[in-house]
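A.B. asks: For the sequence shown, our numbering begins at 12 and goes up steadily by one. For each residue, glycine too, the CB sits at the ideal point set by N, CA and C. For clarity, every value in this text was computed on a predicted model and none was experimentally measured.
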Amino acid sequence: MDWDKLRVFHAVAEAGSFTHAGEQLNLSQSAVSRQISALEESLAVPLFHRHARGLILTEQGELLFRTARDVFAKLAMTEAQLSDSREVPSGRLKVTTTVAFGTLWLTPRIHAFVEKYPDIQVSLVVDDGELDLAMRQADVAIRMQPPRQPDLVQRHLMTLQWTVYASPEYLERFGTPKSVEELDKHRLIVFGEDAKLPAGSINWLLEAGARPERQRHPVLTVNNVYGIFRACQSGVGIAALPDYLSRETDNLVPILPELKGPAVEAYFVYPEELRHSKRVAVFRDFLVNTIADRQGQGQAMRVPA
């Protein structure tokens, strides 16, 4: 089986289209299509159903994709181990975390890491879904819940608390609630049904101090923290935000300080195979030290001993 064609097939199967795979491989759409057709001809089986909306793997394509994915995952792991055999941490490090944490907390602080370790090429993927670390969709993850896979190593990073905020414009227009019960009269922004968060009651703001006979209804639902943050900034309504956003909330007013939601635990997670990786170790230490520095400066973020 031709290795180059297998590499193109793997990219197409993951991307779901010739065009997107071509962009990743720096090949034209027609070149990718020719490679796939040649592979199908050499194997004498169709690998994709071709539809106007995209490509769907055939049964034979699914079988080949599972094998190719395993092969490329093992190659990526071998490449990582070879990189870590050098004394100086180097090579690629693919990091994944949630949209809000990655966009608003991690990216403004990553400069210090890339300056200190210029031989490490960091790739940051922000996604509220969980990428499969065992299949090397990413090397390490910062997750807002402990990992469910038994073969992953975890390090508890911090405990996140929640503060209720509103914009000055909103408070000027609708007033400031003086008690939890007064939230009945206000516009609330909460998580939508598509939100991927670990807290048991993610929309506790609708329930805190509410009377059974008067159910609260949100003015807006959003599926992630970043969207709620931006909506709150724009004056849509009152929202609860995690305390790692405290540096970004200069234009928001904290209200009802006695009101606290369920705590969320953040973890640094990586596969067992990378336990001795220098790149992973220095990135883990960077996170722990950065969080500890913020704690020392009085940020409302609890760090484990």
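Do residue 72 and residue 83 count as a contact pair if the criterion is CB distance below 8 Å?
C.D. replies: no
A.B. asks: Please report the distance separating the alpha-carbon of residue 111 from that of residue 62.
C.D. replies: 35 Å
A.B. asks: Counting pairs of beta carbons, one from the region 160–179 and one from the region 245–262, are three or more of them closer than 8 Å?
C.D. replies: Enough Cβ pairs lie closer than 8 Å, so yes.
A.B. asks: Classify residue 26 as helix, strand or coil using the three-state DSSP reduction.
C.D. replies: helix
A.B. asks: Just to confirm the assignment: which complete beta strand (DSSP E) runs, minimum length 3, are found wholly within the region 187–236?
C.D. replies: 200–202, 231–233
A.B. asks: Taking 8 Å as the threshold (C-beta atoms), are residue 285 and residue 293 in contact?
C.D. replies: no
A.B. asks: Just to confirm my understanding: we take residue 311, look at its own chain, exclude 5 residues before and 5 after, and list those with CB closer than 8 Å. What are they?
C.D. replies: Reliability of the predicted coordinates at residue 311 is poor, the pLDDT of 44 falling under 50, and the value obtained from them is presented with this limitation in mind. Excluding sequence neighbours, residue 311 sits near 172, 174, 254, 257.
A.B. asks: Taking the alpha carbon of residue 65 as the reference point, which residue from 27, 49, 39 has its own alpha carbon closest?
C.D. replies: Shortest Cα-Cα distance from residue 65 to any of 27, 49, 39 involves 27.
A.B. asks: Would you mind giving the Cβ-Cβ distance between residue 188 and residue 266, rounded to the nearest angstrom? I have them listed as a contact below 8 Å.
C.D. replies: 6 Å
A.B. asks: If you scan the region 46–126 from start to end, which runs of the beta strand (DSSP E) of 3 or more residues do you find wholly inside it?
C.D. replies: 59–62, 65–68, 102–108
A.B. asks: What first and last residue would you give for the alpha helix (DSSP H) that runs through residue 176?
C.D. replies: Not the alpha helix (DSSP H): residue 176 falls in the beta strand (DSSP E), residues 173–177.
A.B. asks: Any idea if residue 288 is buried or exposed, counting beta-carbon neighbours within 10 angstroms, 16 or more meaning buried?
C.D. replies: Its Cβ being crowded by 16 or more others within 10 Å, residue 288 is buried.
A.B. asks: With C-beta atoms as the reference, is residue 327 less than 8 Å away from residue 131?
C.D. replies: For the chain, the structure presents residues 12 to 316; residue 327 sits outside this window and is missing.
A.B. asks: Within 8 Å, do at least three Cβ pairs link the region 151–171 to the region 217–226?
C.D. replies: no
A.B. asks: Please go through the same chain and pick out, in chain order, the residues whose beta-carbon is closer than 6 Å to the beta-carbon of residue 186, but skip the five residues on each side of it.
C.D. replies: none
A.B. asks: For a test of the three-state rule: what should DSSP assign to residue 17, helix, strand or coil?
C.D. replies: helix
A.B. asks: May I ask which residues mark the beginning and end of the beta strand (DSSP E) holding residue 277?
C.D. replies: 275–282
A.B. asks: Considering only residues of the same chain and omitting the five flanking positions on each side of residue 116, which have a CB-CB separation below 6 Å?
C.D. replies: Around residue 116, the same chain offers 255 as residues with beta carbons nearer than 6 Å, after the five sequence neighbours per side are excluded.
A.B. asks: Do you know whose CA, among 181, 228, 114, lies nearest residue 153's CA?
C.D. replies: 114
A.B. asks: From residue 77 to residue 25, what does the alpha carbon distance come to, in whole angstroms?
C.D. replies: 11 Å
A.B. asks: Alpha carbon to alpha carbon, how far is residue 37 from residue 297? Give it in angstroms, no decimals.
C.D. replies: Cα to Cα, the separation comes out at about 33 Å.
A.B. asks: Please name the residue in 55, 147, 138 whose C-alpha comes closest to that of residue 81.
C.D. replies: 147
A.B. asks: Counting only the same chain and skipping the five closest in sequence on each side, list residues whose C-beta sits under 7 Å from that of residue 144.
C.D. replies: 152, 163, 280, 281, 282
A.B. asks: Exposed or buried, which one is residue 150 when buried takes at least 16 other CB atoms within 10 Å?
C.D. replies: With 16 or more neighbouring CB atoms inside 10 Å of its own CB, residue 150 falls in the buried class.
A.B. asks: Where does the unbroken beta strand (DSSP E) through residue 148 begin, and where does it stop?
C.D. replies: Where residue 148 is concerned, there is no enclosing beta strand (DSSP E), because DSSP gives it neither an H nor an E.
A.B. asks: Run through the DSSP bridge pairs and tell me what residue 165 is partnered with.
C.D. replies: 280
A.B. asks: If you run the structure through DSSP and keep just helix, strand and coil, what is residue 300?
C.D. replies: helix
A.B. asks: Determine the contact status of residue 199 and residue 229, defining contact as a CB-CB distance below 8 Å.
C.D. replies: yes
A.B. asks: To the nearest angstrom, how far is it from the Cα of residue 128 to the Cα of residue 51?
C.D. replies: 44 Å
A.B. asks: By DSSP's criteria, residue 267 is part of a beta bridge. Which residues make up the other side?
C.D. replies: DSSP, once it has assigned bridges, lists no residue as partnering residue 267.
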